[in-house]
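S.K.: Here's a structure for you.
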Amino acid sequence: MRKLAITITALLLCAVTALMLMSVGVIPVPEAFRRPVEQPAALPAAHHSTLHESTKYSAEGKPRLVIDNPRGNILVRGAAVEQVEITMFVEASAHTAQRAQEILDGISLAVTTLEEENRLLVSMPRLEPDEQARADLTIWVPGEMDLELRLGLGNVQVTSIQGELQAYTHLGDIDLQDYEGSAHLETHLGDIHVDSSRFTEKLTAISHLGNINIAASLAQSSVLETALGDLHLHLPADESYLLEGTVELGSIHIGVPFDGEQHEHSVQGTIGQGERRGSISARLALGSFSVTK
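Sequential numbering from 199 applies to the sequence shown in our numbering.
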């Protein structure tokens, strides 16, 4: 009965996901669900006009950077720079070039510098159902910086940064490369991918609907959760962790040295060899959990 409930919940989540994607225009609405609309045969088919532009900004170097972007990607790279260098690429699509230009003109970036942090806020105009807009931010920062990144629809990528990281996106992926520090990563619909990184005190990675793939040194305390998706850990050969994991409906594969107990839906014990760096709590509702070296 429990497995049936989980399966039904997963199917409902998939249905809700499809509706969300159709509502934002990521996937088309099936023909059978469209309301038929009669149009005069003499009228030509409507065409969309797409316009785009790129603008550069800068801000003082501060220890912390906060970004809020409702539609668009965020790419943050650590580099040998003393200030924050920002490029915003905006794109708008509408039935006419005039309307596309109006949308483009309505997209703005507010840069606010406080004593200890910079705040970047992207504002979007109101869109009709058949209109699209996005603002992609590419940001170069000093290598040591704390980040708080919030997106509505878009992907997050962080590369070559040391500090504290919070990254949230509703519809999009989170990608970390060459990162060091503590992190809270959460996406409602999307994958989390981490490579060549080293976490320190805490790591929380949550995907409500998506996969989690981590190839890194984990934190002293790591909490990894996915409701519908797979969880794969690729751990360094010279590290060990205390693992407690459960999979409600799915499989568990431990491909590293293991000392403990493994059952059909749970695993508990020490994984890996060498220095014990910390503990791992893994929770999956529907998916497969694997650990390799």
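The C-beta atom is built at its ideal place from N, Cα and C for all residues, glycine as well.
Source: prediction; values computed, not measured.
#1: What is the rounded straight-line gap between the Cα of S438 and the Cα of T424?
#2: Could you tell me the alpha carbon to alpha carbon distance between V445 and Q330, rounded to whole angstroms?
#3: Going by beta-carbon coordinates alone, are R275 and E315 separated by less than 8 angstroms?
#4: Exposed or buried, D344, counting other C-beta atoms within 10 Å across all chains shown (16 or more means buried)?
#5: Which same chain residues, not among the five before or five after N271, have their C-beta less than 6 angstroms away from its C-beta?
#6: Do you know how far the Cα of H368 is from the Cα of V222?
#7: When DSSP labels each residue in this structure, what does L429 get in the three-state scheme?
#8: The alpha helix (DSSP H) that contains T401, what's its start and end?
#9: Drop a sphere of 10 angstroms on the beta-carbon of G427, count the other beta-carbons inside from all chains shown, and report buried for 16 or more, exposed for fewer.
#10: Any chance you could list the alpha helix (DSSP H) runs of at least 4 consecutive residues sitting entirely within the stretch 414-475, in chain order?
#11: Name the DSSP bridge partner or partners of D344?
#12: Using only alpha-carbon positions, find the residue among R396, D393, E289 and S449 that is nearest to G304.
#13: Taking the C-alpha atoms as reference points, what is the distance between S394 and H246?
#14: In whole angstroms, what separates the C-alpha of G341 from that of V264?
#15: What is the DSSP secondary structure of Q299, counted as helix, strand or coil?
M.R.: Put simply:
#1: 23 angstroms
#2: Rounded to whole angstroms, V445 to Q330 spans 39 angstroms at the Cα level.
#3: No; because the gap between Cβ atoms is not below 8 angstroms, this pair is not in contact.
#4: buried
#5: Closer than 6 angstroms at Cβ, skipping near neighbours: D334, G352 and N353.
#6: Confidence is the limiting factor: at V222 the pLDDT is only 44, short of 50, which leaves the residue's position unreliable and the question unanswerable from this model.
#7: Reduced to three states, the DSSP call for L429 is strand.
#8: For clarity, residue 401 is Leu in the given sequence; the question names Thr instead. Looking at the DSSP string, L401 is not in any alpha helix (DSSP H); the run it does join, the beta strand (DSSP E), is I390 to S405.
#9: buried
#10: none
#11: R262
#12: Here the closest residue by C-alpha is E289.
#13: Between the alpha carbons of S394 and H246 lies a gap of roughly 42 angstroms.
#14: 16 angstroms
#15: helix
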